[in-house]
Amino acid sequence: MRRHPRALSAAIALIAGTIALPALPTTASAEAAAGPYVLQVENMSLTNFATETVNHTAYNNPVETITYARGAAGQTSTARSTFAGTAGTYDLITRYNGKTQGGVSYRLTVNSVQVDSWNGNSRYGADYTDARNVDNRTSSKVSLKPGDVIELTAVGSTDVPRVDRITIQQYVGAPTSPLTINSPNAALNDGFAWGRDRALGMTFYQGNPLMGHEPEWWRLKDATHQTVQPGYWGAYLQRESYYNRDISHQSDGAHVIGLDNETLSMFRTFAADADDPGQNGWPLWAHSSTGAMYYIDQTGFRELPSPFNLMAKAFKQYQWTGNAAWINDPALSAYYDSTMNQFLTSHEVRWDDANPANEQPVAKKQNGEYTATFFEFPNENLTSAADALGFQYQSMLAYSQILKIRGDQAGSTKWADRAQRVRNHFESQWFDSANNRYVRGKDANGTGYSSWGHEASFLMLLNGLGDHGQRTSNYLDFIAANDDNLNVEATSYLPEMYYQYNRSGEGWSWLKKLMKDKDTYPEISFLAVSNTVDGMMGVQPDAPNHKVATVSRLTSETPWVELDHLKVGDNDLKLKHVGTTGSVLTNNSGSTVNWEAQFYGTHSTISVNGTAYPAQTKSLYGQTVSYVTVPVNAGATVTAAAGNAVVDTTAPSTPSGLATANLTDASVDLSWNASTDNVGLTNYQVLRNGTVIGTTTGTTFTANGLSGATGYTFTVKAVDTTGNVSAASNAAAVTTLPTPKTVNLSDLAWASYQNSFGTPRKDTSIDGAPIKLQGTTYPKGIGTHANSTITYNLGGGYTRFQSDTGVDDEITSTGSVRFEVWGDGVKLYESPYTLGPNNQTQSVNVDVTGVNTLVLKALDGGDSINSDHADWAGAKLTVKASAPVNASDLAWTSAQADFGTVQKDRSIDGNPLKINGTTYPKGIGTHANSTITYNLNRGYTRFQADTGVDDEVSSYATVKFEVWGDGVKLYESPSVHTPTTPVQPVDVNVTGVNTLTLKVTDGGNGINSDHADWAGAKFLQ
890 MRRHPRALSA
900 AIALIAGTIA
910 LPALPTTASA
920 EAAAGPYVLQ
930 VENMSLTNFA
940 TETVNHTAYN
950 NPVETITYAR
960 GAAGQTSTAR
970 STFAGTAGTY
980 DLITRYNGKT
990 QGGVSYRLTV
1000 NSVQVDSWNG
1010 NSRYGADYTD
1020 ARNVDNRTSS
1030 KVSLKPGDVI
1040 ELTAVGSTDV
1050 PRVDRITIQQ
1060 YVGAPTSPLT
1070 INSPNAALND
1080 GFAWGRDRAL
1090 GMTFYQGNPL
1100 MGHEPEWWRL
1110 KDATHQTVQP
1120 GYWGAYLQRE
1130 SYYNRDISHQ
1140 SDGAHVIGLD
1150 NETLSMFRTF
1160 AADADDPGQN
1170 GWPLWAHSST
1180 GAMYYIDQTG
1190 FRELPSPFNL
1200 MAKAFKQYQW
1210 TGNAAWINDP
1220 ALSAYYDSTM
1230 NQFLTSHEVR
1240 WDDANPANEQ
1250 PVAKKQNGEY
1260 TATFFEFPNE
1270 NLTSAADALG
1280 FQYQSMLAYS
1290 QILKIRGDQA
1300 GSTKWADRAQ
1310 RVRNHFESQW
1320 FDSANNRYVR
1330 GKDANGTGYS
1340 SWGHEASFLM
1350 LLNGLGDHGQ
1360 RTSNYLDFIA
1370 ANDDNLNVEA
1380 TSYLPEMYYQ
1390 YNRSGEGWSW
1400 LKKLMKDKDT
1410 YPEISFLAVS
1420 NTVDGMMGVQ
1430 PDAPNHKVAT
1440 VSRLTSETPW
1450 VELDHLKVGD
1460 NDLKLKHVGT
1470 TGSVLTNNSG
1480 STVNWEAQFY
1490 GTHSTISVNG
1500 TAYPAQTKSL
1510 YGQTVSYVTV
1520 PVNAGATVTA
1530 AAGNAVVDTT
1540 APSTPSGLAT
1550 ANLTDASVDL
1560 SWNASTDNVG
1570 LTNYQVLRNG
1580 TVIGTTTGTT
1590 FTANGLSGAT
1600 GYTFTVKAVD
1610 TTGNVSAASN
1620 AAAVTTLPTP
1630 KTVNLSDLAW
1640 ASYQNSFGTP
1650 RKDTSIDGAP
1660 IKLQGTTYPK
1670 GIGTHANSTI
1680 TYNLGGGYTR
1690 FQSDTGVDDE
1700 ITSTGSVRFE
1710 VWGDGVKLYE
1720 SPYTLGPNNQ
1730 TQSVNVDVTG
1740 VNTLVLKALD
1750 GGDSINSDHA
1760 DWAGAKLTVK
1770 ASAPVNASDL
1780 AWTSAQADFG
1790 TVQKDRSIDG
1800 NPLKINGTTY
1810 PKGIGTHANS
1820 TITYNLNRGY
1830 TRFQADTGVD
1840 DEVSSYATVK
1850 FEVWGDGVKL
1860 YESPSVHTPT
1870 TPVQPVDVNV
1880 TGVNTLTLKV
1890 TDGGNGINSD
1900 HADWAGAKFL
1910 Q
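Numbering (my numbering), first residue to last: 890 to 1910.
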């Protein structure tokens, strides 16, 4: 597309906010490596599209001028181009105008095979000239190779399609994570995997289909933020952005699935906001994926807990990763100092370390700030809130540790003391004795409120405020009595809070709900992961000190859980809890890690690998835990058990005698001999090519969903009641049978037909309505009328004929029909009885192996032909599996050359086919200009050949090769061939093609010596 600079935009091609691209020609050159390529739609081959230039504005400001291909309302508009780039897997990003009232339907195909379809609906702007209506559609993971035909179809009954461009960029896909979970609880396994994979899909990766839908006016007006930054969604899906509250809360989950770089980038961006003019220490509430200030919230949305929350979670990332950038990065370091000093001071905090009684340690909301709490709709005008004070407390503890790392021991002690005084102040000044619960907030007059107030009523406990005794226990009961009416974001904090206080039943109840509901709000997927790791598994990281602590918070619903590939600093760990008294830690890789194995309760000893050691005790949020600390070297596994508990670590015996039976193109039956175990077996895992595909309690299993003509290797492992897994059984290797290919009969041309009424119809009834039998609609089939005879020339190329038969539902009475199938004059099938409108549909499935002529008859049932509307519904043929067919072994419909006679298996001069020294026994030799036509009758899927100038000429020759299918160019040589040009392979999809045409054209200097070879030319079925 042509881009004209406007007042607010540079002349760039911005693709889904990720890549600035130059304009490229309609057929992208293969010399451009693996893209990206841009197909400017108005330069493609167009039908019912015209060119239209639109001057886009937003809020009456000029933004961008785009030249569209403008379709026609009420018509089908198409744009077609041949791909000539590098073969590979791509994302195709269609940029179009989304301002339509009734909607426009779009369909994207490659070689007539649909790869995507969507509906463009009305967007934000007033009319199509508003830049807010520009939208993008990403069609992911599309395979392309030179010669493939890309076609975009747009249909709107009353609306006008407008399409800007199609960008073809290399497919990247979402990041992946090795983190896995294993347990006997299917809800946990499924919910954790969902959360992990969905969270990874929330990253701002190239080609993410979620991206590119935001209004573009605010992107284009900010020339300094044109490149997507490392990050992930932290907002509603329709907002391509991240909010500091969301990202702070998502950061733990982000770490364990490997998004450390993204998290650090976003935290740096927020930290850098604080010293911007007018920010007064506040990070912005939200940023776009490009790092720009998010246009909806801009600078004014400020909730008092957020700066403290951001700081506390930043330090938690240091504990997870050990990355010194979390301490030393200039923007982050300055943010920590300003938050604990200028920001607290500007929010009325006064310290008096010599006389703490004179202090005012609680940050207060100032004029112009939105709320003192994360609950955005408080009934009172609170100036201070318990949840903000909790986050302030955590940020002060973090700052104490940061100063210690910097070497400022005195400062560290001072801020630790101040944090303790904040907690003491909360305990003495924020408790409502009359109602026996904590105060959630205070107004400017100092009036406290202890009624239920959503986040303000419980996030302070999540952050460690409270007496961690009876008051806390009572207050947790108060929360539990009121937590059912929270929104989903607030709910996502509950599992961690309940787990933290060892109320594991309530923690699992809320975590299970999050996992079951699978809410689309991005935060939920991250919390499904982190609430499992931090909450259920009780992981407490301390990567800078090469240490990790764990405590089991399992319930009876989940007797054991194993996490594998959990990253803490440079360590890759496997952690398993068995009940609440046994844990196993494996250090998969990394340096020695010091494991603090914790168990709730007071235990005199904890056994480590079977040896009892004296246990120490401490308080964890008011709950007593017993623990030992043990070093775990790389590659080592350590088992810890509380008191007299015994952890079963003995794996079952290895299953034996794995055998296969009943192999098909899509399935195989497996059987094996049973394993034994010292405690008891739970099930067997069935693995296909090393990946678990299912479990069973018995010793047989049917592996379904296989691909035809494909090799697979199966093994089986036994699992016992504590999750110990046996070694793999013997391997059983199979290669599935080839998958039969089917062809819809209505897609083939019949040889002849005879009908007593009307003309047989393809894919509709005889009256032109959808084919329908007994309430079932069939998209494909033949609609006819008795008496009818339809003949097909099969040529022995098929093995089965299948169809449903009956009187079409458009007839409700009087119709009566009998169906017959004949092959080469032999009756292969006859209806068991005469079919009427109310008779059950009859299915036909007959062997037509070797049949050359197939005849389908629909005959009158004996009461005249009145209303005998007969359907061959869903009629199809199974193609006979065969080797590739050489083009020279088929009869062409026509063959013409401007010199000589087209030759089979010989050059145009009658010599063996030879290109660049390679001799080909099969192929076609011809001479420019040449046209060769085949009638494929939709019987093949690919055409392949090596093309070039035959070695019998050494000079002058210049030719180009083209492949056409049903009038559409499927391939064209990327450059002119000469006698010294390397062989150019052709591999074209011809699925659904009836008429194939091979053309050789003169290279531009006359036809002298233009000896051209389609060497090794063949068709694949």
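Note that the Cβ used here is the ideal one computed from N, Cα and C, for glycine as well.
Given the structure is predicted, the values throughout are model-derived calculations rather than measurements.
query	result
Determine the burial state of residue 972: buried for a count of at least 16 other Cβ atoms within 10 Å of its Cβ, exposed for fewer.	buried
Please determine, among 1181, 1826 and 993, the residue with the shortest C-alpha to C-alpha distance to residue 1632.	1826
Under three-state DSSP, which class holds residue 1138?	helix
Applying the 10 Å Cβ sphere with the 16-neighbour rule, what's the burial state of residue 1716?	exposed
For the 8 angstroms Cβ check, are there 3 or more pairs between the region 1749-1756 and the region 1685-1704?	yes
Identify whether residue 1601 lies in helix, strand or coil by the three-state DSSP scheme.	strand
Measuring CB to CB, does residue 1652 end up less than 8 angstroms from residue 1641?	no
Can you give the beta carbon distance from residue 1004 to residue 1031, rounded, assuming they're within the 8 angstroms contact cut?	5 angstroms
Using 10 angstroms around the beta-carbon of residue 1507, count the other beta-carbons present and answer buried if the total reaches 16, otherwise exposed.	exposed
Can you find the residues in the same chain that come closer than 6 angstroms, C-beta to C-beta, to residue 1473, ignoring five residues on each side of it along the sequence?	1465 and 1528
If contact is defined by three or more beta carbon pairs under 8 angstroms, each pair taking one atom from either stretch, is the region 1841-1855 in contact with the region 1790-1803?	yes
With distances taken from CA atoms, which of 1650, 1268, 1492 and 1393 is nearest residue 1332?	1268
Can you give the beta carbon distance from residue 1693 to residue 1720, rounded, assuming they're within the 8 angstroms contact cut?	Actually they are not in contact, since the Cβ atoms of residue 1693 and residue 1720 sit about 12 angstroms apart, beyond 8 angstroms.
Please list the segments of the alpha helix (DSSP H) lying wholly inside the region 1395-1482, counting only runs of 4 or more residues, in order along the chain.	1411-1419
Give me the DSSP bridge partner(s) of residue 1560.	1548 and 1589
Starting from residue 1093 and walking both ways along the beta strand (DSSP E), at which residues does that stretch end?	Per DSSP, residue 1093 belongs to no beta strand (DSSP E) and is neither H nor E.
Less than 8 angstroms between the beta carbons of residue 1277 and residue 1299, yes or no?	no
Residue 1610 and residue 1569 look like a contact to me (Cβ under 8 angstroms); what is the Cβ gap, rounded to whole Å?	5 angstroms
Is the Cβ-Cβ distance between residue 1880 and residue 1000 less than 8 angstroms?	yes
Would you check if the region 1494-1512 and the region 1528-1537 touch, i.e. whether three or more CB-CB distances between them fall below 8 angstroms?	yes
Within the region 1248-1312, note down every full alpha helix (DSSP H) run reaching 4 residues or more, in order along the chain.	1275-1295
Would you kindly check if the distance between the Cβ of residue 1889 and the Cβ of residue 1805 is under 8 angstroms?	no
Can you give me the C-alpha to C-alpha distance between residue 1138 and residue 1232, rounded to a whole angstrom?	21 angstroms
Helix, strand or coil for residue 1100, going by three-state DSSP, please let me know.	coil
Return the CA-CA distance between residue 967 and residue 1048, expressed in angstroms with no decimal places.	15 angstroms
Is residue 1468 closer than 8 angstroms to residue 1441 when the C-beta atoms are compared?	yes
Have a look at 1895, 1429 and 1149 and flag the residue whose alpha-carbon is nearest the alpha-carbon of residue 1064.	1149
Along the beta strand (DSSP E) that carries residue 957, what are the first and last residues, could you check?	950-959
Exposed or buried, what is residue 1358 when buried is set at 16 or more other beta-carbons lying within 10 Å of its beta-carbon?	exposed
Please specify which runs of the beta strand (DSSP E), each continuous and at least 3 residues long, are wholly inside the region 1692-1727, giving them in chain order.	1706-1712 and 1715-1719
Please state the DSSP three-state secondary structure of residue 1315.	helix
On the DSSP bridge assignment, give the partners of residue 1032 in chain order.	978
Decide if the region 1593-1607 is in contact with the region 1572-1584; the criterion is three or more beta carbon pairs, one per stretch, under 8 angstroms apart.	yes
Are the region 1080-1087 and the region 1416-1433 in contact at 8 angstroms, needing three or more beta carbon pairs?	yes
Per DSSP, what kind of secondary structure is residue 1579 in: helix, strand or coil?	coil
Kindly list the residues whose CB is nearer than 7 angstroms to the CB of residue 1644, restricted to its own chain and excluding five residues on each side of it in sequence; keep chain order.	1673, 1674 and 1677
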